[in-house]
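> Sharing a structure here in structure tokens format.
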Amino acid sequence: MTMSSARRRLVGRRARPRPGRTCAALRLLAGLLLAAILLTPTPRLAFAEAKPLEEKGKPAATPAGPAASPVDAKPAVRPRRRAEAEHVARLDAAIAPVRDIAIDLDDAKRIREAIQAISDGKPALAAEARGKIVDPLGRKLALWFSLWSDRSEATQAEIDKFLATSPGWPGHPRLRGRSEKLLFLRDAPAAEVHAFFKSEKPRTGAGHGALALAFLAEKKDAEARRHAALAWRNYDFDARTEQRLLEKLGKLLKPEDHKWRLDRLLMRDLRWRSERNARGAAAARTAKLMGEAERKKAEARLQVYLRKPGAAKAMAALPAEAAKDWGMVFQRIQVLRRSGKDAEVRALLRTAPIDPALAVSLDDWWVERRLAAYEALKEGRAKAAYELVKAPGTLSVNERKDAAFFAGWLALRHLRSAKLALPHFELMLASADGPRSRAKANYWMGRTQQALGRAEKARSHYRAAMASTDTFYGLLARQTLSPGQGRLHLPPPPAPSADEIKRFNAREVVRAAVIAHKVGQSRVARIILLHLRHVMTAQGEAVMLAHLAGAMGDTQMSIRIAKTAGTRGFNLIHYSYPTHPLPAYKPLRQPPEPALLLSIARQESEFNTQIRSGAGARGILQVMPITARHVCRDYKIKCELGRLMTDPAYNTMIASAYIGDRLREFKGNYVLLLAGYNAGPGRVRQWIREFGDPRTKSVDAVDWIERIPFEETREYVAKVLSNVQIYRARLGKMEKPVRLADDLGPR
């Protein structure tokens, strides 16, 4: 629900893996019903109730029940319209051949045991169980998992054989990388190494290391040196592989290679301490390979990276000559920023390199540029902010989009120069690679063309933004072009064709996912489903996959499959925005509108009841323990923190009360509510002081959102606001559900 006190990284946030879900209905009867589920074709509801594996120390996830009115505990959403009901019936029939796969009970037990043994680090027991599996696909599933797992002890020959015979299975890059590592560690003959890389380039540092050894054996020292340097500069290693590389190839590495590696390691300012410590340990090992002067600089920089109390003093103790090192400059910028010396930060960034050969990681320099620009804007120095971000060098695609938008937005909204803004938004549009970024780029292109007096070009860009139906800026563009038109038609997905149905049901990997689910290994089924969502390039098959995930009782996977399909322009919006997952609960106060609660839950957890964030937020609505305590105190109820993860209705009750209280505090304003739900209400009050109150007519709410200094919170507010519009349309209670302008406006 709220972010930790650590400053959010502005770009490059990684998605974290989330635990699997299950259904509670068979917890007591699983032993009695499992045989019936496995041995007979299973109807849809029974299929969804197969009991998945519970991780040690964690209860199985409980799928939330039907959404209900908090007042009378009756369903809060109307029954599906006839068209939607007909679609569900068609899809139930379409997936029936794969959904209703029958599995021999003894085989099911062996498959489950083989997979579990690998998870427990018992490969011999896994191999024994796998050898007894009769069903060929069940045996292949168990074999695949034994290769895929982090606890795998498979040989390179076993991995390569599977890759050659099973190209459509998940984890090809992962398995290929593992094979490269084994190739390197066993000093494979040069001819074998070259044959291995004949059709594919190395994916890992170990792969480059294997090629370096091969070229070294052939007396091709220049090529050996090139691959050794590539490996050492650009890749991370486990301890064994790193030691092996230095033993075998260390003589080929030069001081500049160690310096580059150190710079790369110390520029990635990771959020979590455990990750920083691991990266810092790798940097410390690298520093030991450097000369005395470089090692002293590295040790001081490492203190900055690890955020040690004496970091500033250690940096100041270095000789003046050290200031010429761009890596030192980068860490000095961080010291100054954390000390609030923003003018000095800006002065250093104005001289910062944009040549990758000097900067090492321009993406990480961009993070510091953006942070400094936000501070400059807070001080009313819009021109200084623009100068920091207008030319950040060649960035990766996400950072490039971010930089182009930020520079364009500063130029248009703060420097009042549409002419200056235009090339930045053009670059953003050229870099856009998905519905959200295309909608955002087109919307701001429309605003810019409008400011330049080019009405028809502006309308053209707004129309292009509208094509991304369920995005914040797509919906804003819709209301810009048609302010009074709030209707939104969301038809069910088209039915899959006969060819698509046949192809889907014939897919070996789809059937493997079903088997994994039916034998109680839903975690493994999820791995396969996540892979398949990228494989289904035909709309009908994508619809069937989302429907199958829903039939498994896994709403989160169904949503993720639908989201991926949406990036291809497919209509899976009914799967992406399910209306059923919230549980019935007893409200502590007048609850928020159902569309808002559904929208927040979709963004927080995708209706997965078993998520626990790194900051400690829990359950379907990601309630922080401190929040639960405050709500329980205010409403004089018993606080049971354990139920936040085990009882979705309890979680929803607490969250609903908290959301209602914050809505009252912020006078019904959704922008402030959502920013507070993600970043904490204290930060919202701070931002109101710093850049105004979006409830007043003098503050543009869209600009206010874009001024939020945390990427996660900016995107969160925009996404949930767009979710609300879609859910209003899905619930069908409003004639004109798209009211984004009202949700943004003063209240």
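Just so we're aligned, residue 5 is where the sequence shown starts under our numbering, counting upward by one.
From the three backbone atoms N, C-alpha and C, an ideal C-beta is built for every residue, glycine too.
1) What's the C-alpha gap between Arg734 and His521?
2) Here's the rule I'm using: 16 or more other beta-carbon atoms within 10 Å means buried, otherwise exposed. How should Ile630 be labelled?
3) Tell me, to the nearest whole angstrom, how far the beta carbon of Leu592 is from that of Tyr639; I am working on the premise that it is less than 8 Å.
4) Please report the distance separating the alpha-carbon of Leu217 from that of Lys252.
5) Given this structure, state the Cα-to-Cα distance separating Met470 from Gly488, to the nearest angstrom.
6) Give me whichever residues DSSP pairs with Val724 in a beta bridge.
7) Between the alpha carbons of Met319 and Leu215, how many angstroms are there, rounded?
8) Please determine, among Ile658, Met294, Leu479, the residue with the shortest C-alpha to C-alpha distance to His262.
9) Taking Ala529 as the reference, give the member of Val513, Val539, Met540, Gln543 with the closest Cα.
10) Taking its Cβ as the centre, do 16 or more other Cβ atoms sit within 10 Å of Gly618, making it buried, or is it exposed?
11) Out of curiosity, what's the CA-to-CA distance linking Arg385 and Glu716?
12) What is the rounded straight-line gap between the Cα of Gly331 and the Cα of Glu88?
13) Quick check on Trp708: buried or exposed, where buried means 16 or more other Cβ atoms within 10 Å of its Cβ?
14) Bridge partners for Arg616 per DSSP, in chain order?
15) Pick out whichever of Gly397, Thr559, Asn402 has its Cα sitting closest to the Cα of Ala434.
16) Assuming Val721 and Leu667 make a contact with CB atoms under 8 Å, what is their CB distance in whole Å?
17) For Pro741, collect the residues of the same chain with a Cβ closer than 7 Å to its Cβ; drop the 5 residues on either side in sequence, then sort them by chain order.
18) Mapping DSSP to helix, strand and coil, what is Val308?
19) Buried or exposed for Lys174, please, with buried defined as at least 16 other CB atoms from any protein chain shown within 10 angstroms of its CB.
20) Can you list the alpha helix (DSSP H) stretches of 4 or more residues lying completely in the region 271–304, in chain order?
21) Along the chain, where does the alpha helix (DSSP H) containing Val752 start, and where does it finish?
22) Using 8 Å as the threshold, is the C-beta distance between Leu234 and Arg515 below it?
23) Of the choices Leu250, Ala146, Ala286, Leu645, whose alpha-carbon is the least far from that of Val523?
24) Indicate the three-state DSSP secondary structure (helix, strand or coil) for Val197 in the structure shown.
25) DSSP state of Asp747, grouped into three classes?
26) Counting Cβ pairs, one atom from each stretch, are 3 or more of them under 8 Å apart for the region 692–699 and the region 613–627?
27) Run through DSSP, which three-state label would Glu742 get?
28) Please specify which runs of the alpha helix (DSSP H), each continuous and at least 4 residues long, are wholly inside the region 68–156, giving them in chain order.
29) Hey, could you find the ends of the alpha helix (DSSP H) Met470 is sitting in?
30) Compute the Euclidean distance between the alpha carbons of Tyr466 and Leu485, then round it to the nearest angstrom.
31) Are the CB atoms of Arg373 and Pro396 within a distance shorter than 8 Å?
32) Which of the three DSSP states is assigned to Val627 in this structure?
33) Which residue comes first and which comes last in the alpha helix (DSSP H) that contains Tyr674?
34) Output the boundary residues of the alpha helix (DSSP H) element that contains Thr3.
35) Tell me whether the region 698–706 and the region 561–580 touch, counting them as touching only if at least three CB pairs, one residue from each stretch, are closer than 8 Å.
36) So for Cys636, helix, strand or coil by DSSP?
The structure says:
1) Here residue 734 refers to the residue found at position 730 of the sequence shown. Here residue 521 refers to the residue found at position 517 of the sequence shown. Each residue's Cα considered, the two are about 29 Å apart.
2) As a position in the sequence shown, residue 630 is number 626, starting the count at 1. When all chains shown are included, Ile630 counts as exposed.
3) The count along the sequence shown starts at 1 and reaches residue 592 at position 588. The count along the sequence shown starts at 1 and reaches residue 639 at position 635. Right, their Cβ atoms sit about 5 Å apart.
4) By 1-based counting over the sequence shown, the position of residue 217 is 213. By 1-based counting over the sequence shown, the position of residue 252 is 248. For Leu217 and Lys252, the distance between alpha carbons rounds to 8 Å.
5) Residue mapping note: residue 470 aligns to position 466 of the sequence shown, counting from 1. Residue mapping note: residue 488 aligns to position 484 of the sequence shown, counting from 1. Near 15 Å, if we compare the C-alpha coordinates of Gly488 and Met470.
6) Along the sequence shown, read from residue 1 onward, the residue named residue 724 stands at position 720. In DSSP, Val724 forms no bridge with anything.
7) The sequence position of residue 319 within the sequence shown is 315, counting from 1. The sequence position of residue 215 within the sequence shown is 211, counting from 1. C-alpha separation (whole angstroms): 39 Å.
8) Along the sequence shown, one-based indexing puts residue 262 at 258. The shortest C-alpha separation from His262 is found at Met294.
9) In the sequence shown, counting from the first residue as 1, residue 529 sits at position 525. Among Val513, Val539, Met540, Gln543, the Cα nearest to that of Ala529 is on Val513.
10) Taking the first residue of the sequence shown as position 1, residue 618 is located at position 614. Exposed, because fewer than 16 other Cβ atoms sit within 10 Å of the Cβ of Gly618.
11) Locating residue 385 in the sequence shown gives position 381, counting from the first residue. Locating residue 716 in the sequence shown gives position 712, counting from the first residue. Going by the C-alpha atoms only, they are around 24 Å apart.
12) For the purposes of this step, residue 331 is taken as the residue at position 327 of the sequence shown. For the purposes of this step, residue 88 is taken as the residue at position 84 of the sequence shown. One C-alpha to the other measures close to 58 Å.
13) Here residue 708 corresponds to residue number 704 of the sequence shown, with the count starting at 1. Label assigned to Trp708: buried.
14) Here the question's residue 616 lines up with position 612 in the sequence shown. Note: Arg616 sits in a beta bridge opposite Arg622.
15) Position 430 of the sequence shown, counting from 1, holds the residue named residue 434. Out of Gly397, Thr559, Asn402, Asn402 has the C-alpha closest to the C-alpha of Ala434.
16) By one-based count along the sequence shown, residue 721 stands at place 717. By one-based count along the sequence shown, residue 667 stands at place 663. 14 Å between Cβ atoms; not a contact.
17) Residue 741 sits at position 737 when you count from the first residue of the sequence shown. Counting only Cβ-Cβ distances below 7 Å, and skipping sequence neighbours, we find Gly490, Leu492, Gln729, Arg732, Ala733.
18) For the purposes of this step, residue 308 is taken as residue 304 along the sequence shown, with counting starting at 1. The answer is helix: DSSP assigns Val308 an H, G or I state.
19) Your numbering for residue 174 matches position 170 in the sequence shown. Position check: residue 174 holds Pro in this sequence, whereas Lys was assumed. Answer is buried; the Cβ neighbour count reaches 16.
20) 277–291
21) As displayed, the chain neither begins before 5 nor continues past 751, which places residue 752 out of reach and without an answer.
22) Counting from 1 along the sequence shown, the entry for residue 234 is found at position 230. Counting from 1 along the sequence shown, the entry for residue 515 is found at position 511. Not closer than 8 Å, so no.
23) For the purposes of this step, residue 523 is taken as residue 519 along the sequence shown, with counting starting at 1. The shortest Cα separation from Val523 among Leu250, Ala146, Ala286, Leu645 belongs to Ala146.
24) Working through the sequence shown from its first residue, we reach residue 197 at position 193. DSSP places Val197 in helix when its eight states are reduced to three.
25) As a working mapping, residue 747 is identified with position 743 in the sequence shown. Correct three-state label for Asp747: helix.
26) no
27) Here the question's residue 742 lines up with position 738 in the sequence shown. According to the sequence provided, residue 742 is Val. The question's Glu does not apply to it. Residue state, collapsed to three classes: coil.
28) 86–103, 109–123, 127–135, 140–152
29) For the purposes of this step, residue 470 is taken as the residue at position 466 of the sequence shown. Start and end: 459–470.
30) Here residue 466 corresponds to residue number 462 of the sequence shown, with the count starting at 1. Here residue 485 corresponds to residue number 481 of the sequence shown, with the count starting at 1. Near 7 Å, if we compare the C-alpha coordinates of Leu485 and Tyr466.
31) Against the sequence shown, residue 396 aligns to sequence position 392. Against the sequence shown, residue 373 aligns to sequence position 369. Contact flag set, yes.
32) Your numbering for residue 627 matches position 623 in the sequence shown. Correct three-state label for Val627: strand.
33) Along the sequence shown, read from residue 1 onward, the residue named residue 674 stands at position 670. It spans 674–683 - the alpha helix (DSSP H) in which Tyr674 sits, taken as one unbroken run.
34) Beyond the ends of the chain as shown, which are 5 and 751, falls residue 3; an answer cannot be given.
35) no
36) Start at 1 with the first residue of the sequence shown, and residue 636 comes out as number 632. Of the three classes helix, strand and coil, the one that applies to Cys636 here is helix, per DSSP.
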